[in-house]
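Trainee: In order, the protein sequence lines correspond to chains A and B. Taking my numbering, I'd label the letters of the first sequence as residues 9 to 122. Taking my numbering, I'd label the letters of the second sequence as residues 284 to 397.
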Amino acid sequence: GENVEQHPSTLSVQEGDSAVIKCTYSDSASNYFPWYKQELGKGPQLIIDIRSNVGEKKDQRIAVTLNKTAKHFSLHITETQPEDSAVYFCAARSLGTSYDKVIFGPGTSLSVIP
Amino acid sequence: DAGVTQSPTHLIKTRGQHVTLRCSPISGHKSVSWYQQVLGQGPQFIFQYYEKEERGRGNFPDRFSARQFPNYSSELNVNALLLGDSALYLCASSYLAGVYNEQFFGPGTRLTVL
């Protein structure tokens with residue numbers, strides 16, 4: 009069935025270092041891959057997304073890469089700051105269906121140590 | 284502008300009871316999706332409603348039902364509550380359904396079943 013795996017489950021980095029979170033998906037029909045940041049007491053917030061016709065996308069300190077053949081995608085955060093501390097979720101979705109069923113990974117708890 | 288709002292914030296019920304959770308989407312958004320987020324896991328898709336019609340349903344039992352009103356607000360109902368229904372219930376709104384458009388999440392309703 010549809011499944012998204014995510015590693016690591018917890019990640020601790022020093023402020024200024026980079027953080028990398030990796031995900032794999034199982035559904036070959038998936039063609040849209042959003043990443044969400046969830047802070048304590050809040051709902052997930054979209055931080056960046058990528059479509060399957062693109063291999064890489066960057067937005068300031070955040071970048072995502074996609075290997076569609078291997079069904080892998082990754083989030084890279086550079087120059088981490090304490091406010092980057094949160095739980096990050098990767099997700100996969102098939103655009104073109106009649107509804108927006110998003111399959112989420114189990115999450116990565118990122119701690120940035122000042 | 285107000286984001287997605289959900290009520291109540293917290294709720295405590297006992298097994299066998301019924302619960303109704305409410306969601307108001309961002310003004311102008313016609314689609315509402317519901318997700319269940321068990322502690323330590325990623326959100327799981329329950330329903331999506333668009334223009335007051337159910338567009339999609341996840342793998343949840345018939346005890347879960349929902350509806351969308353003419354003003355696009357939505358209710359999620361859960362009957363015969365089980366301990367395993369304890370979770371954060373998230374509502375997400377978007378302008379359309381089935382195409383590339385961002386889903387905005389509310390802060391969630393924390394349901395505890397005793």
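Each residue gets a CB set at the ideal place from its N, CA and C atoms; glycine is no exception.
Tell me which residues share the same chain as Gln300 (chain B) and place their Cβ nearer than 6 Å to its Cβ, disregarding the 5 neighbours each side in the sequence.
Mentor: Counting only residues of its own chain and dropping the five nearest sequence neighbours on each side, Gln300 (chain B) has a CB closer than 6 Å to the CB of Leu364.
Trainee: For Asp92 (chain A), does the three-state DSSP call read helix, strand or coil?
Mentor: helix
Trainee: Is the Cβ of Lys50 (chain A) closer than 9 Å to any Cβ of chain B?
Mentor: Chain B, which has a Cβ nearer than 9 Å to the Cβ of Lys50 (chain A), makes this yes.
Trainee: Are Asp57 (chain A) and Tyr33 (chain A) close, meaning C-beta to C-beta below 9 Å?
Mentor: No, the Cβ-Cβ distance between Asp57 (chain A) and Tyr33 (chain A) is not below 9 Å.
Trainee: Which residues of chain B have a Cβ atom closer than 8 Å to the Cβ of Phe97 (chain A), listed in chain order?
Mentor: Chain B residues near Phe97 (chain A): Gly325 and Pro326.
Trainee: Looking at the C-beta of Tyr16 (chain A), does it have a partner C-beta in chain B at a distance below 9 Å?
Mentor: Contrary to the premise, residue 16 (chain A) reads as Pro rather than Tyr in this sequence. Cβ-Cβ to chain B under 9 Å: no for Pro16 (chain A).
Trainee: List the whole-angstrom C-beta distance separating Arg338 (chain B) from Ser102 (chain A), where the pair is believed to meet the contact cut-off of C-beta under 8 Å.
Mentor: In this structure Arg338 (chain B) is not in contact with Ser102 (chain A), their Cβ atoms being roughly 14 Å apart against a cut-off of 8 Å.
Trainee: For my contact list, Gly115 (chain A) and Gln14 (chain A) are in at a C-beta cut-off of 8 Å; report their separation, rounded to the angstrom.
Mentor: By a beta-carbon distance limit of 8 Å, Gly115 (chain A) contacts Gln14 (chain A). Their separation comes to about 7 Å.
Trainee: Please compile the residues from chain B whose C-beta is within a distance smaller than 8 Å of the C-beta of Ser106 (chain A).
Mentor: Arg338, Gly339, Ala380 and Gly381
Trainee: Unbroken beta strand (DSSP E) runs of length 3 or more, entirely within the stretch 354-378 of chain B: which are they?
Mentor: The stretch 354-378 of chain B contains these whole beta strand (DSSP E) runs: 357-361 and 370-377.
Trainee: When burial is assigned at 16 or more other CB atoms within 10 Å of the CB, is Ala94 (chain A) buried or exposed?
Mentor: buried
Trainee: Determine whether the Cβ of Gly24 (chain A) lies closer than 9 Å to any Cβ atom of chain B.
Mentor: No, Gly24 (chain A) lies away from the interface with chain B (no Cβ there is under 9 Å from its Cβ).
Trainee: The beta strand (DSSP E) that contains Leu83 (chain A), what's its start and end?
Mentor: His80 to Ile85
Trainee: Helix, strand or coil for His301 (chain B) per DSSP?
Mentor: Reduced to three states, the DSSP call for His301 (chain B) is coil.
Trainee: So which of B:Tyr383, B:Gly391, B:Glu385 and B:Asn360 has the shortest CA-CA distance to Cys374 (chain B)?
Mentor: B:Gly391
Trainee: For Gln331 (chain B), does the count of other Cβ atoms within 10 angstroms reach 16, so buried, or fall short, so exposed?
Mentor: Classification of Gln331 (chain B): buried, given that the 10 Å Cβ count is 16 or more.
Trainee: Please decide whether Phe308 (chain B) counts as near chain A, where near means a Cβ-Cβ distance under 9 Å.
Mentor: The question names Phe, yet the displayed sequence has Pro at residue 308 (chain B). Output row for Pro308 (chain B): interface = no.
Trainee: Find the residues of chain A that neighbour Gly389 (chain B), judging by a C-beta separation of less than 7 Å, and give them in chain order.
Mentor: Here the neighbours are Gly51.
Trainee: Give a yes or no on contact between the stretch 306-323 of chain B and the stretch 68-78 of chain A, applying the rule of three or more CB pairs nearer than 8 Å.
Mentor: no
Trainee: Using only the alpha-carbon positions, how far apart do Ser60 (chain A) and Leu74 (chain A) sit?
Mentor: 7 Å
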